[in-house]
Amino acid sequence: METSVESLRSLLKRHGLRYSARRASLLALFRERPRHISAEGVYLELRRRGGDLSLSTVYLNLGVLCEAGLLRRFRGVSGETIYDSNVRPHDHLLCERSGEVADLPEIEIDGVPLGRYLKERIEEETGWEVHEPRLEFRGVSPRARS
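Counting along the sequence shown from 1, when you hit position 7 you're at 6 in numbering that gives the first Met the number 0, and nothing is skipped either side.
This is the structure in structure tokens:
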């Protein structure tokens, strides 16, 4: 993904956010490659790269990026908040031994994505309005079993 200053500036603007170098450095980190990482992990990685920002700045800007739809957040195996660079609908596999997180490709039932299928069925049967279905699967990854 493109991580030039201008592309990041444009992306932030399209999502209604003001550009700042710190916000752009956070976003660039997530656009380098797919990631599942805690705020502390982001903070340590950016500090390792010479970034000058506080942990509170990281938390604040991660929240802003999530609210704008540029990142997703979910709970990891230990209950910590994990930030995800993949904002498309998907679910996660969580390893209870290592904490590893893997994206689970969208599964379909009768040609309908699983999340939407479950959302519609639950709404139909309960009368609830479901905003965002999220599933997580916990277990042990192949690497952690060896």
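Idealized CB from N, CA, C, for every residue including glycine.
Computed from a predicted model, the values in this text were never measured in an experiment.
For residue 111, the secondary structure class from DSSP, reduced to helix, strand or coil, is strand. Excluding residues up to 5 positions away in sequence, 88, 105 and 106 lie with their Cβ nearer than 8 angstroms to the Cβ of residue 112 in the same chain. If you draw a straight line from the Cα of residue 86 to the Cα of residue 94, it comes to about 21 angstroms. Residue 5 carries a helical assignment under DSSP once its states are collapsed to helix, strand and coil. For residue 17, there is no enclosing alpha helix (DSSP H), as DSSP gives it neither H nor E. Residue 17 and residue 29 have their C-alpha atoms spaced approximately 18 angstroms apart. A contact is defined here as three or more CB-CB pairs under 8 angstroms, and the stretch 118-128 fails this definition with respect to the stretch 49-67. Residue 26 is a Cβ neighbour of residue 64, given a cutoff of 8 angstroms.
The residue among 99, 13, 14 and 43 with its C-alpha nearest the C-alpha of residue 141 is 99.
Burial check for residue 70: the Cβ neighbour count within 10 Å reaches 16 or more, so the residue is buried. Beta-bridge partners assigned by DSSP to residue 80: 74.
Around the CB of residue 83, 16 or more other CB atoms lie within 10 Å, so the residue is classed as buried.
Residue 45: member of the alpha helix (DSSP H) spanning 38-47, first to last residue. The Cβ neighbour count for residue 143, taken over all protein chains shown within 10 Å, is under 16; the residue is labelled exposed.
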